[in-house]
């Protein structure tokens with residue numbers, strides 16, 4: 001009797017996340033007014049906010065920092081086959097442009113490196129993939145810029161040049 | 176029908192090899208059934224049923240519905256064999272056997288246990304294009320590449336075999352081809368740097384009969400250097416390695432996830448291979464044979480009779496996997512055995528399927544611009560090669576350069592959604608995409624089991640056209656001409672069905688099942704099902720009544736690219752969001768809808 005009950009409970013628990021994760025077109029929206037992503041300082045072409053976390057920089061004429069542009073490219077090679085163009089989500093994977101704002105840098109990093117499962121909704125781990133790991137800050141700031149509607153959908157029109165220190169970091173990481 | 180099933184089971188017991196073959200042939204020849212995903216071995220997707228026809232299709236009604244309980248993209252279609260309908264689902268790949276003699280009651284249900292880790296290594300949703308039937312067995316090829324033979328009567332497992340390794344990105348989305356005493360299966364994973372192959376398993380026990388890789392040494396790709404031909408010439412030694420630099424062929428792609436056809440008289444099976452890995456052409460100099468290739472192989476041994484590489488050194492991800500439709504038609508006053516193929520690259524090829532001779536290669540969407548056409552002169556050095564337009568060459572423009580305005584987009588003028596043939600009008604009815612792209616290749620490094628892509632792309636509706644992302648067209652494969660073309664708001668991602676009633680059915684991403692006049696394209700009927708349709712339309716008959724059925728359940732590539740709508744970066748800010756978002760029209764849901772005329 002008790003075994004039967006436990007079994008029922010277990011299957012209910014297994015079933016729940018599937019239902020919960022199945023609907024992806026209605027992710028939590030972002031209200032840019034509730035998030036401060038003001039640039040505090042720049043270092044070798046990388047931009048940071050007050051909390052020393054990487055962030056995007058969009059000039060008045062729409063020119064984006066190199067990382068945001070690079071993130072656009074890397075996102076559309078590695079991530080968009082599940083998360084859709086421009087971080088807008090697909091029929092089965094969430095709008096990561098919003099996740100990048102809601103989750104914060106460290107949680108975002110953790111999920112990309114280690115992956116996570118939620119029933120039949122599975123985020124793979126990219127920790128051993130240099131095409132992702134060497135550009136994780138790029139992808140993060142690009143998606144945050146999208147979530148904050150700081151850059152429109154599509155390819156950024158103009159961009160800052162790639163700095164020497166960014167090039168050095170890339171070479172060191174990609175080997 | 177019951178008698179037929181009994182007979183089948185009886186024959187299965189004394190399993191003669193030729194008998195297995197004859198069984199499925201008999202089942203396919205009975206127009207009251209739908210015994211194979213592709214309609215028949217020729218992949219014509221044509222039914223001789225004509226009770227539903229041009230005059231009365233407007234009265235069509237929903238007869239019954241069935242929820243699959245799964246919310247991912249639903250490709251493929253049910254089968255009907257005897258009194259039973261077999262319905263499959265995307266991951267977790269459930270199979271339901273519905274008793275049509277008892278109001279569709281579930282006779283049995285099979286749900287495999289699969290490691291969810293396979294889900295994220297499946298490019299573009301966890302679709303599955305359906306089960307196959309032969310010799311009293313139902314064949315399921317799961318996402319994790321396990322091939323399972325189920326007893327068609329009770330769903331018990333008769334044998335199972337593992338075809339690939341998901342930990343290096345090998346997965347499966349395709350159906351299988353049961354032919355003679357073999358079950359022939361393919362592999363997915365072109366975006367993970369796998370080396371594609373086709374494998375034949377013995378139908379009786381699942382033991383491996385042969386495996387043919389798409390690239391690699393001659394003994395791997397099963398060629399006879401002297402007798403296997405490419406456009407009439409022997410392929411020569413090492414043809415699967417000598418157009419690659421170094422060992423790149425070992426992660427060379429050329430996957431085999433499309434639909435297969437077979438010609439029993441010639442003892443040949445036909446399929447196409449996918450894109451070479453990576454998407455960055457600069458990282459793999461050479462023609463990258465035999466990716467992007469139409470293949471004709473001996474059913475018993477796997478040895479290749481002929482190849483035709485459509486897109487040497489792919490620069491746009493134009494997989495060559497789409498179906499090969501076999502017909503017998505008159506061309507230049509001579510009756511010939513033809514093969515017609517609508518490639519992702521936007522060209523429709525008509526070939527002699529016995530010799531592999533190229534007869535016609537023409538654009539089946541006028542916006543196709545990456546090539547000015549195929550060299551049709553047999554005496555030319557570039558015979559059979561498409562001439563690449565420099566402006567749209569992502570190779571010539573180079574790494575880190577964004578090549579813009581390329582038509583078609585990577586998902587092709589047509590993807591796997593199969594076309595149908597109508598013998599009466601000799602027209603091919605083709606679901607198409609009308610989408611273009613910008614494509615920027617860049618350097619990537621390979622890690623086993625990780626995406627190996629190396630390009631960024633943006634897709635948008637074909638510019639200066641009707642604004643929609645699809646067309647449904649009728650094609651003349653002899654003259655290489657579009658006969659009529661119906662614009663569609665979204666890509667048509669549903670397999671077509673032609674019937675002797677003079678009508679053609681297909682589904683749309685908004686969820687409509689549509690019926691059109693095969694000769695003119697005039698719309699005769701439409702009904703909005705619960706979710707977007709990426710499944711294929713099928714038909715069957717019971718007690719003199721014809722039914723038409725289709726799976727709804729939006730997803731797949733369409734669910735990724737179109738969920739939030741496409742944008743054209745070249746149009747500037749004003750147009751952003753201006754194109755239709757599929758999420759404004761439909762939501763997830765797996766459902767079978769069965770239609771019939773009122774009594």
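Chains as they are written, first to last, in our numbering: chain B, 1 to 175; chain Y, 176 to 774.
Ideal Cβ positions, reconstructed from N, Cα and C, are used throughout, including at glycine.
Just so it is clear, the structure is predicted and the values come from calculations on it, not from any experiment.
Partner residues on chain B for residue 703 of chain Y, Cβ-Cβ distance less than 8 Å: Position 528 of the second chain holds residue 703 of chain Y. Neighbours of residue 703 of chain Y on chain B: none; closest Cβ ~18 Å, over 8 Å.
Does residue 630 of chain Y get closer than 8 Å to chain B when you measure Cβ to Cβ? Looking up residue 630 of chain Y in the second chain gives position 455. Closer than 8 Å to some Cβ of chain B, the Cβ of residue 630 of chain Y qualifies, so yes.
If we count the other Cβ atoms within 10 Å of its Cβ and call it buried at 16 or more, is residue 589 of chain Y buried or exposed? The residue you call residue 589 of chain Y lines up with position 414 of the second chain. By the neighbour-count rule (16 or more Cβ atoms within 10 Å), residue 589 of chain Y is buried.
Against residue 73 of chain B, what residues of chain Y qualify as contacts under a CB-to-CB distance less than 7 Å, listed in chain order? As a working note, residue 73 of chain B is residue 73 in the first chain. Those within 7 Å of residue 73 of chain B in chain Y are 615, 617, 631.
Distance between residue 398 of chain Y and residue 444 of chain Y (C-alpha atoms, nearest Å): Sequence index remark: in the second chain, residue 444 of chain Y carries index 269 (1-based). Sequence index remark: in the second chain, residue 398 of chain Y carries index 223 (1-based). Roughly 15 Å between the two C-alpha positions.
Residues of the segment 707 to 737 of chain Y with Cβ closer than 7 Å to any Cβ of chain B, in chain order: 729, 730, 734, 735, 736
Within the chosen definition, does the segment 380 to 395 of chain Y reach the segment 513 to 525 of chain Y through at least 3 CB pairs nearer than 8 Å? no
For a cutoff of 8 Å on Cβ pairs, would you count residue 620 of chain Y as touching chain B? Here residue 620 of chain Y corresponds to residue number 445 of the second chain, with the count starting at 1. Yes, residue 620 of chain Y lies at the interface with chain B (some Cβ there is under 8 Å from its Cβ).
Going by DSSP, what residue range makes up the alpha helix (DSSP H) through residue 114 of chain B? As a working note, residue 114 of chain B is residue 114 in the first chain. Unbroken alpha helix (DSSP H) run through residue 114 of chain B: 105 to 114.
Run through chain Y and tell me which residues come within less than 7 Å of residue 174 of chain B, C-beta to C-beta. Taking the first chain and counting its residues from 1, the one referred to as residue 174 of chain B is at position 174. Under the 7 Å cutoff, chain Y gives 620.
By the three-class DSSP mapping on this structure, what secondary structure does residue 358 of chain Y have? Walking along the second chain from the start, residue 358 of chain Y turns up at place 183. Residue state, collapsed to three classes: strand.
Within the 8 Å Cβ cut-off, does residue 123 of chain B reach chain Y? The residue labelled residue 123 of chain B in the question sits at position 123 within the first chain. Closer than 8 Å to some Cβ of chain Y, the Cβ of residue 123 of chain B qualifies, so yes.
Beta-carbon within less than 8 Å of residue 712 of chain Y's beta-carbon, same chain only, minus the 5 sequence neighbours each way: which residues are those? For the purposes of this step, residue 712 of chain Y is taken as residue 537 along the second chain, with counting starting at 1. For residue 712 of chain Y, where only same-chain residues beyond five positions count, the Cβ hits under 8 Å are 252, 669, 670, 671, 672, 680, 681, 682, 688, 723, 724, 725.
Same chain only: Cβ atoms within 6 Å of residue 631 of chain Y, ignoring 5 sequence neighbours per side: Numbered from 1 along the second chain, position 456 holds the residue referred to as residue 631 of chain Y. Excluding residues within five positions, the ones whose Cβ falls inside 6 Å are 615.
Candidates B:175, B:91, B:154, B:167, of which the one nearest residue 27 of chain B by Cα: For this step, residue 27 of chain B is matched to residue 27 along the first chain. Measuring from the Cα of residue 27 of chain B, the nearest candidate turns out to be B:91.
Helix or strand or just coil, what does DSSP make of residue 382 of chain Y? Along the second chain, read from residue 1 onward, the residue named residue 382 of chain Y stands at position 207. In the structure shown, residue 382 of chain Y sits in coil (DSSP, three-state: anything other than H, G, I, E or B).
Whole beta strand (DSSP E) elements within the segment 522 to 603 of chain Y, 3-residue minimum: 522 to 527, 533 to 538, 546 to 549, 561 to 563, 578 to 581, 595 to 597
Reference residue 583 of chain Y; option with closest CA among Y:421, Y:602, Y:633, Y:470: Working through the second chain from its first residue, we reach residue 583 of chain Y at position 408. Minimum Cα distance to residue 583 of chain Y is reached at Y:633.
Leaving out the 5 sequence neighbours to the left and right, which residues in its chain are closer than 7 Å to residue 576 of chain Y when beta-carbon positions are compared? On the second chain, position 401 is the one that residue 576 of chain Y refers to. By the criterion of a C-beta distance shorter than 7 Å, residue 576 of chain Y is surrounded in its chain by 615, once the five residues flanking it on both sides are discounted.
Taking residue 247 of chain Y as the query, report the chain B residues whose CB atoms sit under 7 Å from its CB, ordered along the chain. Counting from one through the second chain, the residue named residue 247 of chain Y turns up at place 72. Within 7 Å Cβ-Cβ: 92.
Report the residues of the segment 144 to 160 of chain B with a CB closer than 7 Å to any CB of chain Y, ordered along the chain. 152, 153, 154, 155
Chain B contacts from the segment 287 to 303 of chain Y (Cβ-Cβ distance under 8 Å): 291, 292, 294, 295, 296, 298, 299, 300, 301
Does the beta carbon of residue 684 of chain Y sit closer than 8 Å to a beta carbon anywhere in chain B? On the second chain, position 509 is the one that residue 684 of chain Y refers to. No, no contact with chain B.
State the Cα-Cα distance for the pair residue 564 of chain Y and residue 263 of chain Y, rounded to the nearest angstrom. Sequence index remark: in the second chain, residue 564 of chain Y carries index 389 (1-based). Sequence index remark: in the second chain, residue 263 of chain Y carries index 88 (1-based). Between the alpha carbons of residue 564 of chain Y and residue 263 of chain Y lies a distance of about 43 Å.
Does the CB of residue 54 of chain B have a neighbour CB from chain Y at under 8 Å? For the purposes of this step, residue 54 of chain B is identified with residue 54 of the first chain, where counting begins at 1. Contact with chain Y is absent for residue 54 of chain B, since none of that chain's Cβ atoms lies less than 8 Å from the residue's Cβ.
What first and last residue would you give for the beta strand (DSSP E) that runs through residue 731 of chain Y? On the second chain, position 556 is the one that residue 731 of chain Y refers to. No beta strand (DSSP E) holds residue 731 of chain Y; the alpha helix (DSSP H) holding it covers 731 to 736.
With C-beta atoms as the reference, is residue 434 of chain Y less than 8 Å away from residue 714 of chain Y? The count along the second chain starts at 1 and reaches residue 434 of chain Y at position 259. The count along the second chain starts at 1 and reaches residue 714 of chain Y at position 539. Contact: no.
Quick one: which unbroken beta strand (DSSP E) runs of 3-plus residues sit fully inside the segment 367 to 426 of chain Y? Chain order, please. 372 to 377, 383 to 388
Residues of the segment 238 to 271 of chain Y in Cβ contact with chain B at a cutoff of 8 Å, in chain order, please. 246, 247, 248, 266, 267
How about residue 560 of chain Y and residue 550 of chain Y: are their beta carbons less than 8 Å apart? Walking along the second chain from the start, residue 560 of chain Y turns up at place 385. Walking along the second chain from the start, residue 550 of chain Y turns up at place 375. Against a cut-off of 8 Å, the Cβ pair of residue 550 of chain Y and residue 560 of chain Y comes out as a contact.
Against residue 130 of chain B, what residues of chain Y qualify as contacts under a CB-to-CB distance less than 8 Å, listed in chain order? As a working note, residue 130 of chain B is residue 130 in the first chain. Simply 620, 622.
Taking C-alpha atoms, which residue in Y:481, Y:593, Y:297, Y:438 lies nearest to residue 367 of chain Y? On the second chain, position 192 is the one that residue 367 of chain Y refers to. Comparing Cα positions, the closest option is Y:297.
Compute the distance between the beta-carbons of residue 521 of chain Y and residue 543 of chain Y, then report whether it is under 8 Å. Walking along the second chain from the start, residue 521 of chain Y turns up at place 346. Walking along the second chain from the start, residue 543 of chain Y turns up at place 368. Going by C-beta atoms, residue 521 of chain Y is nearer than 8 Å to residue 543 of chain Y.
Residue 218 of chain B at chain Y interface by Cβ criterion, 8 Å: Since the displayed chain B opens at 1 and closes at 175, residue 218 of chain B lies outside it and no answer follows.
Same chain only: Cβ atoms within 8 Å of residue 171 of chain B, ignoring 5 sequence neighbours per side: Position 171 of the first chain, counted from the first residue, corresponds to residue 171 of chain B. Excluding sequence neighbours, residue 171 of chain B sits near nothing in its chain.
Can you pull the chain Y residues whose beta carbon is under 7 Å from the beta carbon of residue 60 of chain B, in chain order? As a position in the first chain, residue 60 of chain B is number 60, starting the count at 1. Going along chain Y, no residue has its Cβ under 7 Å from residue 60 of chain B, so there is no contact; the nearest lies around 15 Å.
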